[in-house]
Amino acid sequence: MAFLIHDISANDTELLTGRKVWAGPNITFEAITFPPPRPTYLFTLRGLATSSEENIKNIVLDTWKDSTSFAFFDNIVAKFPAQFSIPLSQEIISFVDSIQIKRVDIKQEGGRDDPHFNIYTQSSALSSAEIWMDICTLLRSRQYISSTLGCGHVVPDAFYCPVCHGKDHPRGLCPFPKLPGWKEATTPPRNEYEQPRERAPRARRSFPYNEPLRGKRFPTRGGGYRTRPY
Numbered sequence: 000m001a002f003l004i005h006d007i008s009a010n011d012t013e014l015l016t017g018r019k020v021w022a023g024p025n026i027t028f029e030a031i032t033f034p035p036p037r038p039t040y041l042f043t044l045r046g047l048a049t050s051s052e053e054n055i056k057n058i059v060l061d062t063w064k065d066s067t068s069f070a071f072f073d074n075i076v077a078k079f080p081a082q083f084s085i086p087l088s089q090e091i092i093s094f095v096d097s098i099q100i101k102r103v104d105i106k107q108e109g110g111r112d113d114p115h116f117n118i119y120t121q122s123s124a125l126s127s128a129e130i131w132m133d134i135c136t137l138l139r140s141r142q143y144i145s146s147t148l149g150c151g152h153v154v155p156d157a158f159y160c161p162v163c164h165g166k167d168h169p170r171g172l173c174p175f176p177k178l179p180g181w182k183e184a185t186t187p188p189r190n191e192y193e194q195p196r197e198r199a200p201r202a203r204r205s206f207p208y209n210e211p212l213r214g215k216r217f218p219t220r221g222g223g224y225r226t227r228p229y
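Per numbering that gives the first Met the number 0, the sequence shown starts with residue 0, numbered consecutively.
Rendered as structure tokens:
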């Protein structure tokens, strides 16, 4: 859910956006300027036989700079006039080189380590939101292969944190509850005027049954039939 606050003073704007995350007993929200910035988180990678962030960075960069990726980038640049092609190429290079890796220490049943790796970039390096979306779609669809460490694959919707609603970590690794003064949202109390719902009484069947049922034969559990006497 998102809501817009407007017509406030510069001091109030600086106060809201300076703290960014506001937490109370009944609501937690993040204050950002409009339009909101594009996220830096791209996707989560798993499956490679390493726990080194540097190894993952090298594998990802090798994929982003291979012939398939460069052909896609060149196709984007070719759609623009010459005066825009060089700056756009520089933006794409800056976007690729801004990659950052963060390991998420996940454990499976039995305590087996299953490291996941979050991939981040400076999304603001690309001036066009449409181009940013096209490139992100390509990068999420690639396989990240190493001759020595195996094949890594992108995990769709790897995490969801119900505390901060983040997409790059599970609840147990959420950093916000560790911040001084953090107040986790709680379930609001029941309105004192709200009456609890009561289940309607079940209608009881009256006997005898309706007249058309008299004398009819009905199957039994044993496979036979019986005649209703009423």
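Built from N, CA and C at the ideal position, the CB exists for glycine as well.
Within the same chain, and ignoring the five residues on either side of F116 in sequence, the residues whose Cβ sits closer than 6 Å to its Cβ are L44, I55, I100, R102. When C-alpha distances from F72 are compared across F175, H164, V154, L138, the shortest belongs to L138. DSSP places N117 within a strand segment (E or B) once states are collapsed to three.
Taking 7 Å as the cut-off, the Cβ atoms of V76 and S66 do not count as close. Counting C-beta pairs closer than 8 Å gives three or more between the segment 117-125 and the segment 91-99, which meets the contact rule.
When DSSP states are grouped into helix, strand and coil, A81 belongs to the helix group. Under the three-pair Cβ rule at 8 Å, the segment 28-37 does not count as touching the segment 139-147.
If you draw a straight line from the Cα of D11 to the Cα of F69, it comes to about 46 Å.
Membership of V162 in any alpha helix (DSSP H) is not indicated, and neither H nor E is assigned to it by DSSP. Counting only runs that start and end inside the segment 8-69, the alpha helix (DSSP H) elements of at least 4 residues fall at 9-18, 52-63.
Closest in C-alpha terms to F2, from the list I31, L14, G23, P24, comes I31.
Using a Cβ distance threshold of 7 Å, H152 and C160 do not count as a contacting pair. Relative to the Cα of F83, the nearest Cα in the group T62, S126, F42 belongs to S126. If the five residues before and after I105 are omitted, its C-beta is found closer than 7 Å to the C-beta atoms of D113, P114, H115, all from its own chain and listed in chain order. Per DSSP, the beta bridge partners of R102 are F116. If you ignore the 5 residues before and after A124, its C-beta comes within less than 7 Å of the C-beta of E90, S93, F94, S97, all in its own chain and listed in chain order. Assigned with DSSP and collapsed to three states, I130 falls in helix. For the pair G149 and L60, the CB atoms are not nearer than the 7 Å cut-off. Distance check between T62 and each of A9, D6, I134 places I134 closest, using alpha-carbon atoms only. In the DSSP annotation of this structure, the continuous segment of the beta strand (DSSP E) that includes C150 starts and ends at 149-154. Leaving aside the five residues that flank E29 on each side, the residues in its chain whose CB is nearer than 7 Å to its CB run, in chain order, K19, V20.
Secondary structure of S140 (DSSP, three-state): helix.
Excluding the 5 residues flanking it on each side, R170 has same chain C-beta neighbours closer than 7 Å at C160, P161, V162, in chain order.
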